[in-house]
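What follows is a set of notes on a single structure, which appears directly below.
Protein chains: 2
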Amino acid sequence: MERYCNKLKAGGLKLTPRRLAIIGLFVDHNTHFTAEDIWSRLQKRFSRCGLPGVYRNLESLVECGILTRIQQFDRKKHYGLCAGSHHHHHITCIRCGKVDNIEDCAFDSAKKIKGYTVVSHFIQVNGVCGGCAKAAPHRDRVWGKGMFVCSEK
Amino acid sequence: MERYCNKLKAGGLKLTPRRLAIIGLFVDHNTHFTAEDIWSRLQKRFSRCGLPGVYRNLESLVECGILTRIQQFDRKKHYGLCAGSHHHHHITCIRCGKVDNIEDCAFDSAKKIKGYTVVSHFIQVNGVCGGCAKAAPHRDRVWGKGMFVCSEK
DNA sequence: CCTCCAAATAGAAATAACTTCTATTTATAT
DNA sequence: ATATAAATAGAAGTTATTTCTATTTGGAGG
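If you want it as structure tokens, here you go:
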């Protein structure tokens with residue numbers, strides 16, 4: 002938690018109860034959430050908290066490097082903890098939604114591709130985590146149409 | 002075009018003028034489009050065509066394997082030809098928006114990552130294409146907040 | 001401590017991107 | 001030709017997110 006406070010300060014953001022609670026949710030659950038997921042979980046402690054506030058906080062936390070946006074094909078923005086300051090990617094469990102970092106990146110940014118100068122790249126991997134692999138297969142979380150990212154292999 | 006007609010038939014979809022025109026747009030431009038992009042380009046030939054029809058068609062074309070959804074962090078659904086049945090990714094020019102396929106994929110799907118069984122992966126590369134690199138730098142297209150995918154390097 | 005002010009919050013209203021609905025039309029198998 | 005399952009049109013609805021204006025608050029400086 003210490004390190005997140007430092008990141009907030011470094012980004013010129015105040016340590017508000019709301020903000021710390023949001024970070025706490027990510028730390029405790031180690032998964033990705035949508036704005037609404039966060040909002041519903043904040044209701045107990047912050048009954049007067051609205052969705053716009055959650056959206057604003059999530060975006061600030063992305064900007065100061067605490068969270069990262071995670072792509073799902075469901076028209077919602079998903080956010081997850083961005084643990085390292087170094088370059089890394091993410092793997093998501095398609096059953097429980099857990100997110101882990103992938104530390105070693107095989108992508109060579111220096112390489113020219115079809116005449117393009119590469120500026121950035123984004124890799125997301127979807128899989129089934131060890132825990133879910135052991136669990137009963139018919140207990141799968143149900144995902145909506147178009148939920149999965151492409152390039153199945 | 003022949004092969005796309007076969008895919009339509011295989012999926013139990015009719016060969017309507019609208020549908021063929023949409024496929025034609027993708028074939029001719031070799032880039033990705035949003036529903037609105039398609040809709041505005043159809044106006045000349047199909048003046049009575051509405052957006053809902055475009056959305057329905059694009060989704061049918063994804064379902065029968067002619068199109069693929071392409072992820073951008075801009076809250077719109079992007080679609081592109083799924084040219085090969087083979088595995089590939091995309092590189093996008095951050096100035097003009099052009100998309101090219103990346104044929105060779107460095108990602109090893111067989112590898113176990115942190116105990117996960119990999120199901121699918123998604124790679125998107127952002128860069129500046131040859132044409133835009135030559136053009137005046139202050140002519141950059143302005144992109145909205147959150148437009149770029151993360152992991153700048 | 002106290003005070004100030006930039007930053008954060010609340011809640012209402014607006015926007016944008018789809019999606020759904022009902023009625024009508026059309027491609028194609030027979 | 002004709003029947004029918006699928007496709008279309010246009011209006012209306014939904015959902016996720018953003019913007020707005022006013023009010024409140026964390027924390028630097030006195």
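Chains as they are written, first to last, in the working numbering: chain W, 2 to 154; chain C, 2 to 154. Positions of the beta carbon are idealized from the N, C-alpha and C atoms, including for glycine. Note that this is a predicted model, so its numbers are computed, not measured.
Neighbourhood of residue i by C-beta, 6 Å cutoff - its chain only, sequence neighbours within 5 removed
i: K77/C; result: T35
i: V55/W; result: A36, I39, W40
i: C151/W; result: Legend: pLDDT at C151/W = 33, less than 50; position of this residue unreliable, value from coordinates given subsequently. Cβ neighbours of C151/W beyond the five flanking positions: none.
i: E153/W; result: Interpretation of E153/W is limited by its pLDDT of 30, a score under 50 that renders its predicted location unreliable; the figure taken from the coordinates is listed afterwards. So no residue of the chain qualifies.
Beta-carbon proximity list for residue i, same chain, < 7 Å, skipping 5 on both sides
i: G66/C; result: K8, C83
i: H88/W; result: C106
i: I103/W; result: H89, H90, H91, I92, V126
i: Y5/W; result: I24, I67
i: R42/C; result: L26
i: K10/C; result: none
Alpha-carbon spacing of residue i relative to residue j, whole angstroms
i: R46/C; j: L16/C; result: 16 Å
i: D75/C; j: G132/W; result: 33 Å
i: G128/W; j: T118/C; result: 5 Å
i: G158/C; j: L26/W; result: Residue numbering for chain C in the displayed model covers 2 to 154; residue 158/C lies beyond these limits and cannot be assessed.
i: Q125/C; j: A136/W; result: 32 Å
i: A22/W; j: C130/W; result: 27 Å
i: H33/W; j: I92/W; result: 11 Å
i: E31/W; j: I24/W; result: Sequence inspection shows Asn at residue 31/W; the Glu mentioned does not correspond to that position. The straight-line gap from Cα to Cα measures roughly 10 Å.
i: R19/C; j: Q73/C; result: 26 Å
i: H79/W; j: L14/C; result: 34 Å
i: Q44/C; j: E3/C; result: 25 Å
i: E60/C; j: K113/C; result: 33 Å
i: R57/W; j: W40/W; result: 12 Å
i: A134/W; j: C94/W; result: 10 Å
i: V28/W; j: G116/C; result: 20 Å
i: I71/W; j: I71/C; result: 14 Å
Per DSSP, the bridge partner or partners of residue i
i: N7/W; result: Paired residue(s): none; N7/W is not in a bridge.
i: G128/W; result: C94/W, V119/C
Own chain, CB closer than 8 Å to residue i, minus 5 neighbours either side, in chain order
i: T69/C; result: V63, Y80, G81, L82, C83
i: A111/W; result: V119
i: H122/W; result: F108, S110
Residue i: CB within 7 Å of a non-hydrogen atom of the ligand SAH
i: D29/C; result: Ligands displayed in this structure: none; no statement on the ligand SAH is therefore possible.
Original post:
Are at least three pairs of beta-carbons, each pair with one atom in the segment 96-110 of chain W and one in the segment 35-54 of chain W, less than 8 Å apart?
Top reply: No contact exists between the segment 96-110 of chain W and the segment 35-54 of chain W.
Original post:
Counting only runs that start and end within the segment 18-105 of chain C, where is the alpha helix (DSSP H) found for 4 or more residues in a row?
Top reply: As for any alpha helix (DSSP H) of minimum length 4 sitting wholly inside the segment 18-105 of chain C, the runs are 18-30, 36-43, 52-64, ordered along the chain.
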